[in-house]
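Under numbering that gives the first Met the number 0, residue 412 is the last one in the sequence shown; the count climbs by one each step, no gaps. Each residue gets a CB set at the ideal place from its N, CA and C atoms; glycine is no exception. Fair warning: this is a prediction, and the values are worked out from it, not measured in the lab. Remarks on the structure that follows.
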Amino acid sequence: MADRGAVTTTPTRPAALPWQDPGRWWPRLTEATAHLPAPVAVIDLEALRFNTVDMPVRAGGLPIRIATKSVRVREVIDAALRVSGYRGLLAFTLAEALWLAEDHDDIVLAYPTADRPSLARLLADERAASRITLMVDDESQLDLIDAVAAPTRRPRVRIAIDADASWRTPVLGHIGVFRSPLHSADEVARFARQAAERDGFRLVGLQMYEAQIAGQGDDTGSGDTLIRVVQARSRAELQERRARIVDAVRALVPLEFVTGGGTGSLEYTGSDSSLTEITAGSGLLAGHLFDGYRAFDLAPASAFAFDVVRRPAPDIATILGGGWIASGPPVASRQPLPVWPQGLSTAPREAAGEVQTPLRGAAARTLRVGDRVWLRHAKSGEPAERILSYHLVDGDQVVAELPTYRGEGKAFL
């Protein structure tokens, strides 16, 4: 296990992009990890540094709050926070936020919570309550907090409002994800007034996450023209509506932060004058879902490998494991992507399996039992729930072992 602080993300952008030469990039990782049993997960230090520096540039000067669910490796999170352009954390559960609050003093909870034991811990700890901001979008969530500890028996609770950033159209309907019920400026202002006037709470922030822009690639080779048109219209509608929402809430209370964004929309979100920060995290480790965007190219900082264990046919090589499927709709894009050797694909009827994954392609004919196959996960943070640690590779050597949340004995969600 590496000491905290072993990762450094010095803000120097490399002149060349070595990951654009797969014939050198992936075999180097094979050699560096040959002494390790599969499955083996790696983070490449050069690629991580590139992404860490690139994201603030894309954000246009707005500070980036790190979405911890998209990393789940404390050493990587801490290293990014040491780089100019990053400030604060966005946690995904209250239990996680309480754990992180032992070392960090600016944590926003991304989603409402109904975790009563964790709420009881928060409400009994003034230091934690001063460091963590809860997310709300319904008065019943405030009622639940009061039921755990009455306002007279606890510190004031810092809260932020989550407002819906999706696009609603008469023809296409709801474009985006289903999050907050608060969509219009009037709806948000009405709830903001209730929250601000309620004893025991302090309204300090506003969140609006544009998933239909940040989380949908526009250069995937499938329906890109329609996606670009929809996103352009959504961007225009959201910028105007978000400005009205922010103005309405600021008329009631001074806000410490207004956050939006995501790795896939840093350029757009960074140009929105209503925001004080952007939330992003996936871009650090770069799951393959972020390959299909016109505006940017990420370095494949994280990957994992499995060993070939059988050859059921001349054109099939089977690896042990591989079924690390991403959350979301059960479509092909959520599968892990075989990247080395090139030209491999999963079998349509088996896909990536819990215990074995048959891989087809010309390269399968050259693979032998014991050879290593590299894959990239669709998402950035979810592989950390499968492994105890990432091996940090610098050049052609493993230089550190970075425990994941799971490796530190934590499994929050």
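Query: Near L47, what residues of its chain come up, given a Cβ to Cβ distance below 6 angstroms and the 5 sequence neighbours on each side ignored?; Result: A300
Query: For V139, which three-state DSSP category applies?; Result: Just to set this straight, residue 139 is Ser in the shown sequence, not Val. Three-state DSSP puts S139 in a helix.
Query: In whole angstroms, what separates the C-alpha of R12 from that of V52?; Result: Its pLDDT being 47, under 50, R12 is placed unreliably in this model, and the coordinates cannot settle the point.
Query: In the structure shown, what three-state DSSP assignment does V245 receive?; Result: helix
Query: Tell me the residue span of the beta strand (DSSP E) that contains D306.; Result: 301-312
Query: What is the residue span of the alpha helix (DSSP H) that Q193 lies within?; Result: 184-196
Query: So what does DSSP say about E45, is it helix, strand or coil?; Result: helix
Query: In terms of alpha-carbon separation, which member of A37, L28, H34 lies closest to E45?; Result: L28
Query: Out of curiosity, what's the CA-to-CA distance linking E95 and F200?; Result: 21 angstroms
Query: Take R57 as the anchor and find which of A184, D290, R367, G269 has the nearest alpha-carbon.; Result: G269
Query: For the alpha helix (DSSP H) that Y267 lies in, which residues bound it at each end?; Result: 265-269
Query: Mind listing, in chain order, the continuous alpha helix (DSSP H) runs of no fewer than 4 residues lying wholly within the region 55-98?; Result: 73-80
Query: In three-state DSSP terms, what is F256?; Result: strand
Query: Since A213 is in the alpha helix (DSSP H), which residue starts that stretch and which ends it?; Result: 210-213
Query: CB A31 to CB D395, shorter than 8 angstroms?; Result: yes
Query: Give the C-beta separation of L89 and A109 to the nearest angstrom, bearing in mind that I take them to be a contact with Cβ-Cβ under 8 angstroms.; Result: 5 angstroms
Query: Cα-Cα, which of A362, G320, P335 is closest to G352?; Result: G320
Query: What are the boundary residues of the alpha helix (DSSP H) that includes E125?; Result: 125-130
Query: Would you say T365 reaches chain B, if we count a Cβ-Cβ gap shorter than 8 angstroms as a contact?; Result: Protein chains in the displayed structure number just one, and chain B is not present.
Query: Would you list the one or two residues that DSSP bridges to F295?; Result: F295 is not bridged to any residue.
Query: On the three-pair Cβ rule with 8 angstroms, is the region 241-258 touching the region 189-205?; Result: yes
Query: In its own chain, which residues sit with a C-beta less than 7 angstroms from the C-beta of P337, not counting the 5 before and 5 after it?; Result: L343, S344, L358, V372, L374
Query: Could you give the first and the last residue of the continuous alpha helix (DSSP H) run that contains T32?; Result: Careful: T32 lies outside any alpha helix (DSSP H) and carries neither H nor E.
Query: Could you say which of G22, E276, E209, A159 lies nearest to R167 if we only look at CA atoms?; Result: E209
Query: Are I63 and P55 closer than 8 angstroms when you measure CB to CB?; Result: yes
Query: Can you tell me the Cα-Cα spacing of V397 and P38, whole angstroms?; Result: 15 angstroms
Query: Assuming G87 and D105 form a contact by the criterion Cβ under 8 angstroms, report the distance between their Cβ atoms to the nearest whole angstrom.; Result: 4 angstroms
Query: If you reduce the DSSP assignment to three classes, tell me which class A331 lands in.; Result: helix
Query: Suppose contacts are defined by Cβ-Cβ distances below 8 angstroms. Is S326 in contact with S69 by that definition?; Result: no
Query: Suppose contacts are defined by Cβ-Cβ distances below 8 angstroms. Is A128 in contact with L121 by that definition?; Result: yes
Query: Can you tell me the Cα-Cα spacing of G172 and S221, whole angstroms?; Result: 21 angstroms
Query: Shortest alpha-carbon distance to A383 belongs to which of T365, A377, G406?; Result: G406
Query: Should L251 and R192 be called a contact, given that it needs their Cβ atoms to be closer than 8 angstroms?; Result: yes
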